[in-house]
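A.B. asks: Residue numbers (my numbering): 511 to 787. Glycine included, every Cβ here is placed at the ideal spot set by N, Cα and C. No experiment lies behind these values; they were computed from the predicted model shown.
1. Mark residue 662 as exposed unless 16 or more other C-beta atoms lie within 10 angstroms of its C-beta, in which case mark it buried.
2. Under a three-way DSSP split, which group does residue 601 fall into?
3. Let me confirm a value: residue 645 is counted as buried when at least 16 other C-beta atoms fall within 10 Å, else exposed. Which label applies?
4. Strictly under 8 Å for the Cβ-Cβ distance: is residue 762 near chain D by that measure?
5. Helix, strand or coil, according to DSSP, for residue 549 in the structure here?
6. For the 8 Å Cβ check, are there 3 or more pairs between the region 600-608 and the region 560-568?
7. Look at residue 613 and residue 524 and say whether their C-beta atoms are less than 8 Å apart.
8. On a CA-only basis, which of 680, 760, 534 is nearest residue 700? Give me that one, please.
9. Residue 526: which of 533, 512, 602, 541 sits nearest, CA to CA?
10. Pick out the complete beta strand (DSSP E) segments inside the region 529-585, 3 residues or longer, and give them in chain order.
11. Distance, Cα to Cα, residue 625 vs residue 739?
12. In the DSSP assignment, what residue or residues form a beta bridge with residue 620?
13. Between the beta-carbon of residue 528 and the beta-carbon of residue 519, is there less than 8 Å?
14. Residue 619 and residue 533 look like a contact to me (Cβ under 8 Å); what is the Cβ gap, rounded to whole Å?
15. DSSP beta-bridge partners for residue 516?
16. Quick check on DSSP: helix, strand or coil for residue 658?
17. With residue 503 as the anchor, note down where its alpha helix (DSSP H) starts and where it stops.
18. So what does residue 650 bridge to, in DSSP terms?
19. Is the number of C-beta pairs between the region 586-598 and the region 635-642 that are closer than 8 Å three or more?
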């Protein structure tokens with residue numbers, strides 16, 4: 511694991527030397543913006559629309575929008591006083607029930623690796639948290655930015671999740687959704703059939719069974735185009751019709767699913783290639 515941070519986990523009087531490494535990395539296909547004239551990458555410029563001229567970084571300053579179209583200039587030196595103090599400790603503030611933490615708060619995941627000769631206290635913390643079904647809430651400074659974090663056990667290891675702060679969660683949207691659902695009732699028959707459908711589709715979590723099909727198809731297209739081939743345009747998929755009779759839809763779903771949903775996780779058929787004429 512390539513470490514991006516080295517320090518300690520601290521709880522009580524126990525300190526555990528650890529390294530932090532990325533647990534996630536998007537593998538989306540990336541593109542550059544090219545000039546059609548010469549097929550070379552174009553550069554983005556800083557532009558002052560009022561003067562219609564290009565500006566350099568020395569000509570710019572950060573601005574905080576006080577009101578619509580009115581900005582307060584703020585110098586980098588003024589912001590430095592608010593940068594979090596560099597620390598080498600993940601300070602555990604409290605332990606919580608893991609089930610209490612809504613995943614909506616999860617921002618980014620990292621692996622925590624014990625440094626040399628720290629395996630025993632690391633394993634002790636990971637095992638007690640797993641046995642008790644608990645996670646640890648703490649604070650952590652990375653690149654001068656302080657994060658609220660959650661440490662949780664994962665297959666005997668420890669993962670660190672940076673968390674969104676409460677003000678980052680769009681609670682108003684959540685409240686609007688909840689208010690729309692107030693007074694909506696489902697029948698016992700509908701609930702029972704829905705439970706049967708869920709049970710029939712239930713399987714152990716196996717993310718490897720669901721690869722990124724869009725990325726795969728896009729790479730196939732790019733490789734074919736690079737070699738002078740073409741890919742036939744995919745057939746358009748009809749949009750699903752809105753459910754009018756919920757009970758009828760549940761019955762049809764159960765009949766289609768059968769004893770087990772064998773189609774789940776199967777790879778989509780690859781688009782057919784044809785040689786360019």
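C.D. replies: Walking through what the data contain:
1. So residue 662 ends up on the buried side.
2. strand
3. buried
4. Looking for chain D here will not work: only one protein chain is present.
5. coil
6. no
7. no
8. 760
9. Of the candidates 533, 512, 602, 541, 602 places its Cα closest to the Cα of residue 526.
10. 572-577, 580-584
11. Those two C-alpha atoms are separated by around 51 Å.
12. 532, 670
13. yes
14. 4 Å
15. 529
16. strand
17. Nothing in the structure corresponds to residue 503, since the chain is present only between 511 and 787.
18. In DSSP, residue 650 forms a bridge with 657.
19. no
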